[in-house]
Amino acid sequence: MNNMIEVFVKGIAVDEDNNHIVLLSDREETKVLPIVIGPIEAMAILMNMQGVAPNRPLTHNLLKNLLDLLGAEVEQVIITNIKDNVYYANIYVRHDKYNYEVDSRPSDAIALAVAYNAPIYMDMKLTEFTVNPSDLNVERQ
Numbered sequence: 001m002n003n004m005i006e007v008f009v010k011g012i013a014v015d016e017d018n019n020h021i022v023l024l025s026d027r028e029e030t031k032v033l034p035i036v037i038g039p040i041e042a043m044a045i046l047m048n049m050q051g052v053a054p055n056r057p058l059t060h061n062l063l064k065n066l067l068d069l070l071g072a073e074v075e076q077v078i079i080t081n082i083k084d085n086v087y088y089a090n091i092y093v094r095h096d097k098y099n100y101e102v103d104s105r106p107s108d109a110i111a112l113a114v115a116y117n118a119p120i121y122m123d124m125k126l127t128e129f130t131v132n133p134s135d136l137n138v139e140r141q
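Numbered per full-length UniProt numbering, the sequence shown spans residues 1 to 141.
Here's what the structure looks like:
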């Protein structure tokens, strides 16, 4: 994990164009990686952070329910890359003695990581896309 930085969900924000943004911060809160996500994914992440269960399972709840039923769990999430302004992530799942790496959209991976209280990392190469928290021009949710 030498080329990884552990991050946490600092919050969800909305920018002036009404885009929902998940804010991933380093532990020292000196860098924030803003990732634009959909409103449903933003709601799922917020609900998981607040411990609120929806009346009916959202996709992330369904995935967690299936993993739990099968005896598997999310061990960690890594935001791995950005290409053509699209971020990429991997979910690392453990089942019995086996480990699996699953390609994912960052928003889905983050929602599951929050649901499992699993660590989230970002590849060091993504630090060039981070911003100073005071430079963010967004409204926090």
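Backbone N, C-alpha and C define an ideal beta-carbon position, used for all residues, glycine too.
Report whether the distance from the Cβ of residue i to the nearest heavy atom of the ligand COA is below 7 Å.
i     : result
MET47 : Ligands are entirely absent from the displayed structure, and the ligand COA is therefore not among its contents.
I'd like the list of long-range same chain contacts for residue i, defined as Cβ closer than 6 Å, with 5 residues on each side in sequence excluded.
i      : result
PRO106 : ILE35, ILE79, TYR87, ALA89
ILE40  : none
ALA72  : VAL93, HIS95
TYR100 : VAL93
ILE37  : HIS20, VAL22, SER107
ILE120 : VAL7, VAL77, ALA113
Measure how close the beta-carbons of residue i and residue j come, nearest whole angstrom, since I'm counting them as under 8 Å.
i    : j      : result
ASN3 : MET124 : 5 Å
To which residues of the same chain is residue i closer than 7 Å at the C-beta, ignoring the five residues directly before and after it?
i     : result
ILE91 : VAL74, VAL77, VAL102, SER104, ALA109, LEU112
PRO54 : MET47, ASN61
ASP26 : ILE5, VAL7
Report yes if the CB atom of residue i is closer than 8 Å to the CB atom of residue j, and no otherwise.
i      : j     : result
VAL114 : VAL9  : yes
LEU67  : ALA44 : no
ILE5   : ALA13 : no
PRO133 : VAL32 : yes
On the DSSP bridge list, what partners appear for residue i?
i      : result
VAL52  : Beta-bridge pairing links VAL52 to no other residue.
SER25  : PHE8, VAL32
SER107 : Answer by DSSP bridge pairing: none, since SER107 is not bridged.
VAL77  : ILE91, ILE120
LYS83  : VAL86
Measuring straight from C-alpha to C-alpha, what distance separates residue i and residue j?
i      : j     : result
ASN128 : LEU23 : Before going further, note that residue 128 is Glu rather than Asn in the sequence given. About 15 Å.
ASP135 : LYS97 : 44 Å
LEU70  : LEU63 : 11 Å
MET49  : GLY11 : 9 Å
THR30  : ASP15 : 20 Å
ALA42  : VAL52 : 13 Å
ASN85  : ASP17 : 17 Å
Looking only at its own chain, which residues have a Cβ that is under 8 Å from the Cβ of residue i, when we skip the five neighbours before and after it?
i      : result
ASN81  : TYR87, TYR88, ASP123, LYS125, LEU126
TYR28  : Sequence inspection shows Glu at residue 28; the Tyr mentioned does not correspond to that position. Within the same chain, GLU28 has no close Cβ partners at all.
ASN117 : none
ASN65  : PRO57
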